[in-house]
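In full-length UniProt numbering, the protein residues as written are 1 to 1160.
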């Protein structure tokens, strides 16, 4: 077509479009190497038609495909080409490549006329022209000049000059003298002049910002980011989506997909995988509806609304899957000054640092140059993010192009419709901004804000900005960021303030962010001179704040009137209770309201400050009054007291820890710190919390331990308790490290036996030494060793409830798989806080006789167990007679005994049965209706069944690591390999061994191993190493689609838990976690000992034999040599395709269970 068009028309013309071919190899990146013959054929076609490529002024590649590193390809296949005479006619034409959100092709824009030029009267500097060198009459004389004037009329010489003139300007070195070629040189010169012409220089503030950002993403990180997404990642992301959130444009909420998962689940997962793996466009799932949420009552202005984006569930799952991969890298990519949405950092960190800096500024010491705090107000932070800047920052950080391209698709394929009063507007496409409602947006905004942080940190490293510090040994801090809440800290220096203003302007131009200086404020230290204040006002254009005010919702400065400072918390809880019709809620509903609202409101403030007792008592009174009466101001039966909630921060790598350590305990540990002079209120609060929680911590010892042997608390999973009291050197205490073999994690057994009694020596030998050099403080009331507010609260509460400690029943009630209202009933029963006849008699409101039997005073135990009507129901239900005939006078002891006898499923049914017995009594009192015994039992069974359906609507777990309780070994699915592992440990000889066996879908042996473990281990550490060996065995043999089974439920739980684990066992499992990350399709299950007999027998054999055994595709001879005939050792293990059904056994351990038989 090109050749035919060129032969039929002699007019100047150009053409453009998708040629689907490239000219040079630099016009393609990624994918296969371009075929040279194809490029040459296309090039010759253009040259034969005398067409020349017009290179784009903006952009280069016009087509891109793929989201993974291996499949990402970009080409320049869209272009404009033109004949020479056309290019001479339109010398100022230009091409721009414009990315399109709705296509994998970019648009190419041809501008025929250049920008309007402003004439400048200034002239260029002098330059020597090459044509002057051809003057053969040199040197110049009067005679020669006269001759030259005559020769100028000669056309030939003029033509020669013209040729030489354009030759010089064309810069073509390969064309020698001969033909004139003036038109060629003219075209070349015009092209070169056009290329070299500066249409206008734009300031590039983003260049300096990008240079300030360090590369933080390694190649291994990119490999994890860019690998193909799996179905497990999609289902895990779906499980994290709140199903009750408003639906997107398709009207389908999360509840819809959960309810019909058996129908749409497979298609849902496949669609998400197509989007994530780059085989489908985002356009049709990225339609978004904007709703306007009022910020104030009765809004009248647009700025008084908050735009929230309603994304589709499909897009949310895709976005969440990307976030799950991105989150582990955030800590290394985002500066420690930013704590929002970074795993391991907390909002309280930034607040406590800001509190200490303000406490320093408010002090009168150190004269007038202490500094100032600037609180910035960012206008529409999310809406102003420039996509180009954001993607450039990610590329600068080291993110792979394919992953950045996936992010680009998420943010640039959006189309919006605004919903106002139930009516949707026309659709429109944005050109910048992030959506509030997209799970990915908060993390992308952190990358944008990292540009500001990088500039400030760079200026601080150059000493252009000093910042301030809370103490002389503390780190200098110039800024703190939490999303768009950004306080800056500067010295009282005009140069520093000007630099800050310059950085803010530079950041605005590059990122699109805008600081509203009119709403921003500055707080000065008290001794700052008035002249300095006025200069800062004039430079920044902000207003002065007389007090620091609030930051992140809490007061930065707390004076003597502490109760007044925190009354806002009490007012908030009071408003919430008044604003809801809570009296209509059941006890289960009230529990949810109190936990999620009333207790949550002060929890954040309590993480930073010690709330005054008066405020706590007011909140407790409000909650207690509402709990028992359902109304705020009416008095109810306060049958149970409420306790406080405490929180302590434990993270030595955080910025807040560095600030506090430098100021309050520079040369000691946190638990040796004291209340220093001129301390802040936050530090005083932490010190009081520390004293309450001190006994819950202990040291995990390392190879170079500095812990005292007898003076300190230390251990592995829990602290040691000595059987004997030992005398220690007061001045130089005996260290734990003195009883270790130097340089390794092993005890000196001979020395321990010489110094300690046999019982204590055995305890030390059974204590693991962490395979790291330093010691670490751990929390003893959680298996991971990590402190949390929840575990601290539970421990403090149990300390004040010795009966609950002795019985441990409340935890069992809380874990029961029953409706919340039944859990609340169990909680009230533990405290005998139900309005039985005995309570009525004590309140002098009646005689208190049992309404069922009218024989005895009705106590809680009588109405549920001892009353003849109730005992008939208990006997009919199939409960063990030991539970029915139990004798005692305490409900909590009866529940504890029942839990020790019943299975977990049986205990759930037991609680539901008691709840129905109590309800039957209430219906008789209020309605005069007495339900039958059979009806009570059937209702109890139905309640449990309904609850199971409610909590598991999808029909399966979304986790990769799961716990099953099969009692027989079952064959894996097709194309799967099942690997059973087990360990053996002899306490007397302290020798450990393990066994591993792999089988296929037919039950055939693929391989295995059995050997001893050196050095000595404990029982749990042996099991930890066994799972690691099993996962490594699968990895070495290339069994990516494998199942690892073992009978150590604690190890499976640790592997399934994604949170940090600082315990010694957690350190041993680090390699297993790394292997599981590399093998995402690998699954880990718990099975019973009966289903794990082969691995168990292998481990026992290895324990008594010195030679290790490895076998492949056969049974080990060392084991089968002792067997006789038959199918051998591996046939001894029974095989079942499925586990036991819940209907195949009696949860009450009785031969016949009416609760099961009578259930419809």
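Every residue gets a Cβ at the ideal spot worked out from N, C-alpha and C, and that includes glycine. Since the structure is predicted, the reported quantities are computational estimates derived from the model, not experimental observations.
Return helix, strand or coil for residue i, following the three-state DSSP convention.
i, result
"residue 521", "strand"
"residue 780", "coil"
"residue 420", "strand"
"residue 722", "coil"
"residue 28", "strand"
"residue 105", "strand"
"residue 428", "strand"
"residue 609", "coil"
"residue 661", "helix"
"residue 61", "coil"
"residue 231", "helix"
"residue 544", "strand"
"residue 415", "strand"
"residue 1031", "helix"
"residue 66", "coil"
"residue 689", "helix"
"residue 942", "helix"
"residue 571", "helix"
"residue 740", "strand"
"residue 886", "coil"
Count the other C-beta atoms from every protein chain shown that fall within 10 angstroms of the C-beta of residue i, then say buried if there are 16 or more, exposed otherwise.
i, result
"residue 337", "buried"
"residue 653", "exposed"
"residue 526", "exposed"
"residue 1137", "The pLDDT assigned to residue 1137 is 28, lower than 50, so where the model puts this residue is not dependable; a value taken from the coordinates is nonetheless given after this. Exposed, by the Cβ-count rule."
"residue 539", "exposed"
"residue 495", "exposed"
"residue 1163", "The question about residue 1163 has no answer here: the residues shown for the chain are numbered 1 through 1160."
"residue 456", "buried"
"residue 759", "exposed"
"residue 200", "Here the model assigns residue 200 a pLDDT of 44, short of 50, so the residue's position is not dependable, and the following value carries that caveat. With fewer than 16 Cβ atoms within 10 Å of its Cβ, residue 200 is classed as exposed."
"residue 547", "exposed"
"residue 485", "buried"
"residue 1077", "exposed"
"residue 433", "buried"
"residue 916", "buried"
Could you pull the DSSP bridge partners for residue i from this structure?
i, result
"residue 978", "999, 1043"
"residue 700", "715, 776"
"residue 79", "17"
"residue 1083", "1043"
"residue 97", "108"
"residue 1012", "993"
"residue 708", "735"
"residue 984", "993"
"residue 551", "554"
"residue 768", "Its beta-bridge partners do not exist; DSSP assigns none."
"residue 1007", "998, 1112"
- Contact between the region 394 to 403 and the region 538 to 554: three or more CB pairs below 8 Å? no
- Message: Threshold first: 3 residues or longer. Then list the beta strand (DSSP E) segments lying entirely within the region 439 to 501, N to C.
- Response: 485 to 490
- Is there contact here, the region 303 to 318 with the region 243 to 250, by at least three beta-carbon pairs under 8 Å? yes
- Task: Taking 8 Å as the threshold, find out whether the region 333 to 353 comes into contact with the region 654 to 672 through three or more Cβ pairs.
- Result: Verdict: yes, contact present.
- Could you tell me which uninterrupted beta strand (DSSP E) segments, each at least 3 residues in length, are contained entirely in the region 256 to 338, listed from first to last along the chain? Those beta strand (DSSP E) runs which fall completely within the region 256 to 338 and span 3+ residues are 287 to 294, 305 to 310.
- Along the chain, which unbroken stretches of the alpha helix (DSSP H) at least 4 residues long are found entirely within the region 343 to 394? Runs of the alpha helix (DSSP H) inside the region 343 to 394: 347 to 362.
- Message: For the structure I just gave you, are there three or more beta carbon pairs, one from the region 891 to 911 and one from the region 922 to 929, closer than 8 Å?
- Response: Fewer than three pairs of CB atoms, one per stretch, sit closer than 8 Å, so the region 891 to 911 makes no contact with the region 922 to 929.
- Query: Does the region 1040 to 1051 come close enough to the region 1002 to 1014 to have 3 or more Cβ pairs within less than 8 Å?
  - Reply: no
- Indicate whether the contact test is met: 3 or more Cβ pairs, each with one atom in the region 856 to 864 and one in the region 826 to 837, closer than 8 Å. yes
- Message: Count Cβ pairs between the region 24 to 37 and the region 4 to 12 that sit closer than 8 Å; are there 3 or more?
- Response: In short, these stretches do not touch, since the Cβ pair count stays below three.
- Item | Continuous alpha helix (DSSP H) assignments of at least 4 residues falling wholly in the region 1045 to 1111 | 1049 to 1056, 1064 to 1068, 1070 to 1078, 1093 to 1103
- Counting pairs of Cβ atoms below 8 Å between the region 35 to 43 and the region 72 to 86, do you hit three or more? Flag = no, the region 35 to 43 and the region 72 to 86 do not touch.
- Query: Quick one: any contact between the region 379 to 393 and the region 405 to 413, if contact means 3 or more CB pairs under 8 Å?
  - Reply: yes
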